[in-house]
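In terms of this note's numbering, the sequence shown opens at residue 1 and continues consecutively.
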Amino acid sequence: MLCYLNYKRVKKPLEVKDPWVEVGFGRGDFIVKLAKEHPEKTLIGFEISHLSVEKLLKRVKREGLKNVLCSRIDAYWGFYLLFRDGSVERVFMNYPDPWFKKRHHRRRLTTPERLYVFAKKLKTGGEIKIRSDEKAFLDFTLESAEQLGCFAYELERLSVSEPLTKYEQKWLSMGRELYQLTLKKVKEPPFVEHPQIKEVEQLFPVKVKKGPVEQLENRTEKLADKVYLKTFKLWRGKEGYLLEALLSEEGYLQKFLISIRDKGEEFVVDVSPFSEVLKTENLQRAVERVARLIEG
Ligand SMILES: C[S@@+](CC[C@H](N)C(=O)[O-])C[C@H]1O[C@@H](n2cnc3c(N)ncnc32)[C@H](O)[C@@H]1O
């Protein structure tokens, strides 16, 4: 089994029985420990840090572990895109919010909208286990959980054993108390509005009558509610142009190149084959918008 999970390519939802998922595995100590202790389980890790993913891949290879998968993706989107509802057995979040600050509340992993998606993907009886040294973060999480009304919970003081995660080492060396909050899903949550993106099977190129292209650089285009396309530099190549672009769909970001191929009377606008993308409805809209901008 390959450890790296390319969420843009794999067949979704994932066919993994009762996975255990770690959110933000950092140095990887915890996921590796779990994988060794539970060879019968498949462990899936989500991380936004490139470096952490690289380190875990090397470690899993070195230690010959066969039951670990990981992907570089924001955990919210990892859950949203990859799992069938009611399929995940356990979720682990260890010290997800260091240096807790009030103004960061919208980005927190345990806002009601994010917790809603985690809860939907959990099996009934499945658990989210959150370790933290920060009472204010745990209170915030409990408020979100109460809003959803689908969890039974337990909050306990934690005494940890080796190997400690990086943040466990840090907090213990500072003399801080550690806690574990367990949220056990007891029923389905009521619907909560949450960020969504829609995948499509295929993206289609768009043909346009040739027009000026210089104005395509450095623009911000609103494609739909909470969906923005930003463009940057335009390069001239042998077959036409390449335009650097960033699409933000409800906070899900994709950086890619748009190719504008010169076909005599026409340009053909498409996502460049050099860019590996998650094919979404809004990506198609982005290609169409660039074509319309060329038309003027
Ligand atoms: C404070 S560190 C804790 C790392 C590790 N769990 C430990 O105990 O040492 C938080 C980790 O979560 C990752 N992270 C933060 N937000 C994330 C998200 N939305 N999805 C996936 N990983 C995330 C960060 O890159 C970082 O590695």
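Glycine included, C-beta positions come from ideal geometry on N, C-alpha and C. None of these values were measured; they are calculated from a predicted model.
Return yes when at least one heavy atom of ligand 1 lies under 7 Å from the C-beta of T110, else no.
The answer is no for T110.
At a cut-off of 7 Å, is V23 close to ligand 1 when judged by its beta-carbon and the heavy atoms of the ligand?
Correct: V23 has its Cβ closer than 7 Å to ligand 1.
Taking 8 Å as the limit between beta carbons, can you name the residues of its chain near G86, skipping five residues before and five after?
So the list reads K120, K121, L122, K123, T124, once near-sequence residues are dropped.
Could you round the C-beta distance between L283 and V271 to whole angstroms and report it? I think they count as a contact, below 8 Å.
The distance from the Cβ of L283 to that of V271 is about 7 Å, consistent with a contact at the 8 Å cut-off.
Assuming L278 contacts Q254 (C-beta within less than 8 Å), just tell me the rounded distance between them.
For a cut-off of 8 Å, the C-beta gap from L278 to Q254 is around 6 Å, short enough to register as a contact.
Can you find the residues in the same chain that come closer than 7 Å, C-beta to C-beta, to A291, ignoring five residues on each side of it along the sequence?
Answer for A291: V206, V208, V269, listed in chain order.
For L223 and S248, what's the separation of their Cα atoms in angstroms?
Their Cα atoms are separated by approximately 10 Å.
Quick one: what's K20 bridged to in DSSP?
It is worth fixing the name first, because residue 20 is Trp in this sequence and not Lys. BP columns for W20 point to L43, R90.
Secondary structure, beta strand (DSSP E): runs of 3+ residues fully inside the region 131 to 196:
Within the region 131 to 196, the runs of beta strand (DSSP E) that reach at least 3 residues and sit entirely inside it are, in chain order, 151 to 157, 179 to 185.
Close-in-space but distant-in-sequence residues of the same chain around L34 (CB under 8 Å, 5 per side omitted)
Apart from sequence neighbours up to five positions away, the residues of its chain that approach L34 with a beta-carbon distance below 8 Å are W20, E22, K41, L43, F92, ordered along the chain.
Counting C-beta neighbours from all protein chains within 10 Å, is the total for V186 16 or more, i.e. buried, or is it exposed?
Under this definition V186 is an exposed residue.
S259 classed as buried or exposed, judged by whether at least 16 other C-beta atoms fall within 10 angstroms:
With 16 or more Cβ atoms within 10 Å of its Cβ, S259 is classed as buried.
Taking V68 and V60 to be in contact with their CB atoms under 8 Å, please state how far apart those CB atoms are, rounded to whole angstroms.
With 8 Å as the limit, V68 and V60 qualify as a contact, their Cβ atoms being about 5 Å apart.
Are the beta-carbon atoms belonging to Y167 and N94 less than 8 Å from one another?
With respect to N94, Y167 sits close: the two C-beta atoms are nearer than 8 Å.
Which partner residues of R261 appear in the DSSP bridge assignment?
Per DSSP, G240, V268.
Do L82 and Y298 count as a contact pair if the criterion is CB distance below 8 Å?
The shown model of the chain, from 1 to 296, leaves out residue 298, and the question about it has no answer.
Tell me which same chain residues have a C-beta within less than 6 Å of the C-beta of R84, skipping the five on either side of it?
Around R84: P13.
Using the C-alpha atoms, what's the distance from G126 back to L56?
In a straight line, the C-alpha of L56 is about 26 Å away from that of G126.
Check: A136 C-beta below 7 Å from any heavy atom of ligand 1:
For A136, the shortest C-beta to heavy atom distance toward ligand 1 is 7 Å or greater.
Rounded separation between L109 and P96 - CA only
The straight-line gap separating the alpha-carbon atoms of L109 and P96 is approximately 7 Å.
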